[in-house]
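So in numbering that gives the first Met the number 0, spot 103 of the sequence shown is number 102, and the numbers just go up one at a time.
Input: a single structure, listed below in structure tokens.
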Amino acid sequence: MTVTYSSYLKVDDLLQCQQPLSEGPEHDELLFIIIHQSYELWFKQLLHELDFLVRLFNDGERNRALHTLKRVDAIYRTLIQQVDILETLTPLEFNSFRDRLSTASGFQSFQFRELEFLYGAKDAKKLENYETGSEHYQRLQKRLQAPTLWDAFLNFLVHEGHEIPVSELKRDFCEVAAPSPAVQKILIDVYRNDPLVSDICEALVDIDTSLQQWRYRHVKMVERTIGHKMGTGGSSGVGYLQSTLFKPVFPDLWAIRSEF
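Okay, here's the thing in structure tokens:
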């Protein structure tokens, strides 16, 4: 069969994935579905790029790693811009179909949880939201036990000739990594003496910044739409989301700012 635009992209299948549940259906439910489905597609791409980045770091690929970091940050800036579209949904428009979400909640996004684990926000309790033994559970369990992006970056620094403490390289990957004064000392030396690797450090900070900006925009969007009501699926809504703000995923790169 001849490959066409539609067959290659599975357009017909894709356009069947939007199934509003409200009666009518309500006009604005389609927007809500499309925005969140597009988020999931971008999450898939982010996982694809970040897993590739882990391999690049482990192989000591400096230039390709920097290029990939810039792509990841560009994706996050796109996610931030998509909030502009979602913010056109007024509280009354959202409430017109909100009850149809029932127990569904963004907290159940297993790909977003995978991203959190990959960035180092490990929390075994989050597996409790998924059926034991299910595909989603197994994917998260694998992420929980695997080294993080930061661990891969530390291996990259070793490849570059820096003496990272063994305790940092052989830590329990199921736990959240604590900031390390020893690593921070090495990072300061990197900034002063290795321009390309310092560019990689700054690209990591760019991603961290964009991720925090996206979280903030998401919190304010939820607050302007539902205020401080309980979130869908029984989640605490804005209260929980606010607790996630301003928590860097690469704290060592932020800690050294005052040392220059």
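Just so it is clear, CB atoms sit at the ideal spot from N, CA and C, and this is done for glycine as well.
### Query
In the structure shown, what three-state DSSP assignment does Met220 receive?
On the sequence shown, position 221 is the one that residue 220 refers to. Look at Met220 here: in three-state DSSP terms it is helix.
### Task
Have a look at Glu201, Val221, Leu244, Trp213 and flag the residue whose alpha-carbon is nearest the alpha-carbon of Ile255.
As a first step, residue 255 must be located in the sequence shown, where it is residue number 256. Nearest C-alpha to Ile255: Glu201.
### Query
Are the segment 119–127 and the segment 60–77 in contact at 8 Å, needing three or more beta carbon pairs?
Touching, no.
### Task
Taking all protein chains shown into account, decide if Thr1 is buried (16 or more other Cβ within 10 angstroms of its Cβ) or exposed.
In the sequence shown, counting from the first residue as 1, residue 1 sits at position 2. Exposed: under 16 other Cβ atoms inside 10 Å.
### Message
Using the three-state DSSP reduction, which class does Leu244 fall into: helix, strand or coil?
### Response
Position 245 of the sequence shown, counting from 1, holds the residue named residue 244. Coil.
#### Entry: Complete runs of the alpha helix (DSSP H) confined to the segment 180–204 [at least 4 residues]
Residue ranges of uninterrupted alpha helix (DSSP H) with 4 or more members, entirely inside the segment 180–204 and ordered along the chain, are 180–192.
#### Entry: Where the alpha helix (DSSP H) through Lys43 begins and ends
Indexing the sequence shown from 1 puts residue 43 at position 44. From DSSP, the alpha helix (DSSP H) with Lys43 extends over 28–58.
### Message
Quick check: Ile111 and Phe42, are their CB atoms within less than 8 Å of each other?
### Response
As a working note, residue 111 is residue 112 in the sequence shown. As a working note, residue 42 is residue 43 in the sequence shown. A small correction: the amino acid at residue 111 is Phe; Ile does not occupy that position in the sequence shown. Going by C-beta atoms, Phe111 is nearer than 8 Å to Phe42.
### Minimum C-alpha distance to Gly119 - residue among Cys16, Glu22, Thr77, Leu148
Taking the sequence shown and counting its residues from 1, the one referred to as residue 119 is at position 120. Of the listed residues, the one whose Cα sits closest to Gly119 is Leu148.
### Query
How should Pro180 be labelled, buried or exposed, when 16 other C-beta atoms within 10 angstroms of its C-beta is the threshold for buried?
Locating residue 180 in the sequence shown gives position 181, counting from the first residue. So Pro180 counts as exposed.
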